[in-house]
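Asker:
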Amino acid sequence: MAQAAARHILVSTEEQCNDLKQQIADGADFAELAKQHSSCPSGKQGGALGTFGPGQMVKEFDDVVFSAPVGEVQGPVKTQFGYHLVEVTMRNN
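In my numbering, the protein residues as written are 196 to 288.
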């Protein structure tokens, strides 16, 4: 069964999500931004969500994690929780 590991930053607005994505593109550290800005408890761990399989996360999140290139920041991804920046850190099929 496929497994993936990912980290994310959860914020309430698309604008903030895009701003953080630009900061990462400009060299800011993903984990530090997660600690400072993410409203998810995982922010304390730099946004790390651990390892999970398909169907364990909400569909919009799942779709990105199991299709996006590993190591590339994706987003904004809108879910019922808010807007996410997502980086797949590992995936096996």
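Cβ atoms here follow ideal geometry from the backbone N, Cα and C, with glycine treated the same way.
Give me, in chain order, the residues of the same chain whose beta-carbon lies closer than 6 Å to that of N288; leave out the 5 immediate sequence neighbours on both sides.
Answerer: A197
Asker: Excluding the five sequence neighbours on either side, which residues of its own chain have a C-beta within less than 7 Å of the C-beta of L228, listed in chain order?
Answerer: I204, L215, Q218, I219
Asker: Which stretch, first to last residue, makes up the alpha helix (DSSP H) that contains N213?
Answerer: 209-220
Asker: Please identify the residue among A226, Q251, R286, G270 whose C-alpha is closest to the C-alpha of Q211.
Answerer: G270
Asker: My output table needs one value for E255: the three-state DSSP class, helix, strand or coil.
Answerer: In the structure shown, E255 sits in a helix (DSSP, three-state: H, G or I).
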